[in-house]
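First to last, the sequence lines map onto chains A and B. According to our numbering, the residues represented by the first sequence are 1 to 480, in order. According to our numbering, the residues represented by the second sequence are 1001 to 1470, in order. Just below is one structure, and these are the notes that go with it.
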Amino acid sequence: MNVANRSSRAAVSPLASSSSAATTAVKGGLVEVDMYTDIPSFELSLDEFEEFALARLKVLRKIEELKTRNTPHEAFRTALASTLKQHLPNPKIDAASHYILRAAYCRTEDLRRWFLAQECKLFSFRLENCSNIREFMKANSIDLERVDKTEKERLRSKLTSVIGAPSPLEFPSTEYYKVPFMEALRLVSNRECYLEKGMAYIPLAKIISIVEAKYRVGLSKSLVFAGHNIDNATDEEHSRIGPLLKSMNSQYTGPTQLSSLDNGEALTAANVDANARSMPLCMSQLHSGLKRDHKLKHQGRLQYGLFLKGAGMTMEEHTAFFQREFTKIMTGEQFNKQYGYSIRHMHGKEGKRASYTPYNCMKIVLGSPPSGGEHHGCPYKHYDDENLTALLGKLKIGSEGRDAIMKLKREGNPNLACAKHFEVVHGGAGSVEGVSLEGVGNHPNAWFAASRKYYEAKEGGGGGKGSLGSGSKEIEVMAE
Amino acid sequence: MGAQVEEEHEFGVNDTAADAVASKTKPINSVTDFSPELLSIYYSRLFPFELLHSWLSYDPSTLTGNTTKQLAGASILSRREFSTTVQIHGDEIYKRYQSFSTQADIATAIRKQNPLKIDIGAVFNYAPKDHKSLPGGKLQPVQRELVFDVDLTDYDPIRNCGCSGAAICGKCWKFMVMAMEVMDAGLREDFGFKHLAWIYSGRRGVHCWVCDEGAREMGNDARSSVASYFEVSLASEKNKNAHLPHPLHPMLRRAHKILEPHFISSIIPEDGHGLLATQASWTKLLLTLPEAANPVSIELEKKWRSNKHHSSPAEKWEELKAALQSFIGKSGNSKAPKNVSNSDKLKIEHWPIETVFKYTYPRLDINVSKGMNHLLKSPFCVHPKTGRVCVPINMELVQEFDPLTVPTLRQLMNELDEYAGDSVGHEWQKTSLKGAFEHFQKKFLNPMLNDVRKSQRAEREKRAAVVGDF
């Protein structure tokens, strides 16, 4: 799998960063747009290898997040531009990280699809921004023939009787290109271009969609190819970077403060009940389920356990907390026998010793829905309208907030509904210092962290400990 | 479409009593026009194996008969799937994945099986006959003509000549002529395809085989795109709100130019489908006008009903169009009424075009075109229900093609018996198949193989230039 090899090999090349110049448009140090057709060849340390990959992963996950939130076009562009500047500041990191993630995401159909979707979005964002698209096309040998003036005039009435054609006012300044119709299949099938003798006549703006399609096809093919060949990489390469690549997709890139509570107060078996008011609905449902039934089914233990771990609860505290609840209906010995292992496993102390990451919303939403006696899943996805409304009512969320949340839920936007929930119960959170709304509605841990910060600021550093805010009352209601 | 699927693609038995009535004007007597015995004679004396072989080989050397350099297994022909429908003890059995490497192989197998139908599938990466010894999923289609299938059963909602299902008459055959003209022009002018073979399907439809190299190498996505390009959602009983998009795409404008004369000559008159021929029919048509055009329809209804008025259907159509134009203020001396919205105006403006399309635009069986791996009945077969040969259609004389005069097996046997001329190279030259077959050879096969030869030569020279070996 040379994609991976090359980027990590000690290939000392004086051409390092300029080797990809032919297909890359660079402006002001930032990559404008890259088709990634030339495999870069430069030296990377293993640390850089991982660092670059994680940097790109943050960008791609940001894209996914912006997409799931249905971010408006302009806001999307601004957010993505700043993320890019922060994480992929130069062509070297950009190219290297792209190829490393290709290798990491080629292994299964699901990974490939995810990677392809985000990368294509990134590509089209960059292409739209590109200041000299024609130069870029030329460099990438995309075969475009410009339609000359006389021909354009001859075809005027035909070119303008196509859906989406430029208006008569715009027509004179619109540049047309002709490409073989096979390059413009989407436009052909929708009759969005004029065809003559096998050539599609297309205004420059629509050429972009063609280049995108080309990029998608190329990337998709090479991902499949890489997927088939990744195991043929030499043993030496495999042992060095194989494990890195394999774990890449499960690396956690969210805000780092999630792993511990900022004020030094760790989440423990003792304070978890008080902190339940800061949990998003999915987790507070699991929490109250656990308090009520004194047990959780497998999926629930995983979803909730990893969340607690992500929120900074240690394995010992995790065990203590679960033991406290579970032993109300079983003996300590039974608990240890049946559940001890899986808790240790979750913390990477058993089996293959993998450190599991907390579930993000995508995983919870797409996961299997809860059935009788189970409390896992996403309430905004898996509960029916009636149950959810009743639940929100129990939580004393006013009818206005409830209606707003339910509207988003009914529209099939669980992430937005959840973010709305946050907004409703944390009035003015956006303006509270130290509260980051990033990831709220996309990761339960982000919700939790933001909520903790919020109460901390409101209540003056006391955390939730012992205070009888309205939040704790809610939890009591639910725990009945 | 269901019945059509049965005819073309079902992998099994097809036999319904209703299908047995194949022609209204000239009932087919299946005893005399078709029988396994007659079919067997057809395969042994008349079936043009040389044309089929030459075509499917895509090898110019087959023209000269000098085919020695053929490498078995590597040739396009040997990787082509043939499927046959054979009758054994009254059961129809569908045999897929057959392949042959020479003309003699094809002829031997066909003569031995005496199939009711031969289907042609894709060219695969391996010889399909070895499919059982290949690991699953290994056999993949790599090439296939782009095919189109139009069938009269899809026109049932608008056929007003008394025919339905498998029955056809000269009036409804006009739909096929219109479809062929529109598709032929579109495929040639828009897509630049040159090598199109139009074949009568033996009963109530036509097939088109686009054989250009570019077309044969298209993937499924490209086939879908081309098919969708031609697909128009037409207003029907079920979907009254299907409207053509505005502006009208150049392809549709051309189609309208081809179709409107046909609409006037064979859809609206009494001796056609009578759309504007009687008071009942024009009232029905006027009812399909957009509501905003009610004043026009009331006025025309009154005018046409009065005894003094004796305009022909064609004059009525022109009158109707002119009335609509002036109603929306498009003609010189009138101004648009204020109470008609722009979207209504557009609807009214498009109505005549949409009406023409509704009654004339090709109704393709799109699924046949979309897949590389879709089987389609071979040309030169004989339709068991009609006994007629699936003959190539000469597009230059497409208006004169009459499916009801296509020779049947019985007729061909008589012609063979009665032939008294000179000896000929092929026995089909003694029969009325001569014109159609020779046209296929001269106007389709030869030019296509010449193009293949040219591109092979260019390829050789390119290769030679690369290795410096001239």
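Where a beta carbon is used, it is the ideal one built from N, C-alpha and C, also for glycine. Keep in mind it's a predicted model, so treat the numbers as computed, not measured.
Residue i (DSSP reduced to helix, strand or coil)
i       : result
B/G1272 : coil
A/Y177  : strand
B/E1081 : strand
A/C443  : Here residue 443 of chain A turns out to be His, not Cys, going by the sequence shown. Coil, per DSSP.
A/M199  : strand
A/H73   : helix
B/G1121 : strand
B/N1450 : helix
B/K1024 : Residue confidence for B/K1024 is low, a pLDDT of 39 falling below 50, so the modelled location carries little weight and cannot support an answer.
B/L1364 : strand
A/Y215  : helix
A/Y380  : helix
A/T389  : helix
B/A1465 : helix
B/H1439 : helix
Proximity below 7 Å, CB of residue i to CB of residue j
i       : j       : result
A/K178  : A/V147  : yes
A/L286  : A/H421  : no
A/P40   : A/M283  : no
A/L66   : A/Q118  : no
A/R130  : A/F123  : The amino acid at residue 130 of chain A is misidentified as Arg; the sequence shows Cys. It is not a contact, given that the beta carbons lie outside the stated cut-off.
A/H63   : A/K158  : The amino acid occupying residue 63 of chain A in the given sequence is Ile; His does not appear at that position. Cβ atoms of A/I63 and A/K158: not closer than 7 Å.
B/L1146 : B/A1215 : yes
B/L1375 : B/G1192 : no
A/G242  : A/R107  : no
B/T1360 : B/M1183 : no
B/R1096 : B/S1044 : no
A/S161  : B/P1407 : no
B/A1227 : B/K1370 : yes
A/D94   : A/L101  : no
B/C1172 : B/L1152 : yes
B/F1034 : B/P1384 : yes
A/F448  : A/S288  : no
A/M313  : A/L267  : yes
C-alpha distance - residue i paired with residue j, whole-angstrom precision
i       : j       : result
B/A1185 : A/S97   : 50 Å
B/A1166 : B/G1202 : 11 Å
A/N360  : B/S1224 : 38 Å
A/E459  : A/R402  : 25 Å
B/P1447 : B/E1415 : 30 Å
B/Y1229 : A/K197  : 15 Å
B/K1454 : B/A1464 : 15 Å
B/K1132 : B/Q1113 : 21 Å
A/E183  : B/K1442 : 33 Å
A/E109  : B/F1437 : 50 Å
A/P203  : B/N1294 : 41 Å
B/P1269 : B/L1275 : 7 Å
B/V1466 : A/T150  : 38 Å
B/P1027 : B/R1363 : In this predicted model, B/P1027 has a pLDDT of only 47, less than 50, meaning its place in the structure is not dependable; the value taken from the coordinates is given anyway. Near 26 Å, if we compare the C-alpha coordinates of B/R1363 and B/P1027.
B/D1365 : B/M1218 : 19 Å
B/C1163 : A/K152  : 48 Å
B/Y1094 : B/K1358 : 37 Å
A/D262  : A/E456  : Bear in mind that the predicted position of A/D262 carries a pLDDT of just 48, short of 50, making it too unreliable to give a figure here.
B/Q1103 : B/L1449 : 17 Å
B/Q1143 : B/F1444 : 19 Å
B/I1508 : A/Y176  : The question about residue 1508 of chain B has no answer here: the residues shown for chain B are numbered 1001 through 1470.
A/G348  : A/K214  : 42 Å
Original post:
Going along the stretch 193-216 of chain A in order, which residues come within less than 7 Å of chain B, judged by CB to CB distance?
Top reply: When C-beta distances to chain B are compared with 7 Å, the residues of the stretch 193-216 of chain A below that value are Y194, L195, E196, K197 and G198, in chain order.
Original post:
When Cβ atoms are compared, which residues of the stretch 217-229 of chain A fall closer than 9 Å to chain B?
Top reply: Taking 9 Å as the Cβ-Cβ cut-off against chain B, none of the residues of the stretch 217-229 of chain A qualify.
Subject >> Proximal residues, the stretch 170-183 of chain A versus chain B, C-beta separation under 8 Å >> reply: F181 and M182
Original post:
Listed in chain order, which residues of the stretch 129-158 of chain A have Cβ atoms closer than 7 Å to some Cβ of chain B?
Top reply: Of all residues in the stretch 129-158 of chain A, K158 have a Cβ within less than 7 Å of some Cβ in chain B.
**OP:** Enumerate, from N- to C-terminal direction, the unbroken alpha helix (DSSP H) stretches of 4 or more residues contained entirely within the stretch 88-153 of chain A.
**Re:** 91-104, 109-129 and 133-139
Original post:
Closer than 8 Å, Cβ to any Cβ of chain A: which residues of the stretch 1188-1199 of chain B, in chain order?
Top reply: E1189, D1190, F1191, G1192 and F1193
**OP:** Please list the residues of the stretch 1278-1297 of chain B that have a C-beta atom closer than 7 Å to any C-beta atom in chain A, keeping them in chain order.
**Re:** none
Subject >> Residues of the stretch 1144-1162 of chain B whose Cβ lies closer than 7 Å to any Cβ of chain A, in chain order >> reply: none
**OP:** Mind listing, in chain order, the continuous alpha helix (DSSP H) runs of no fewer than 4 residues lying wholly within the stretch 345-380 of chain A?
**Re:** 361-366
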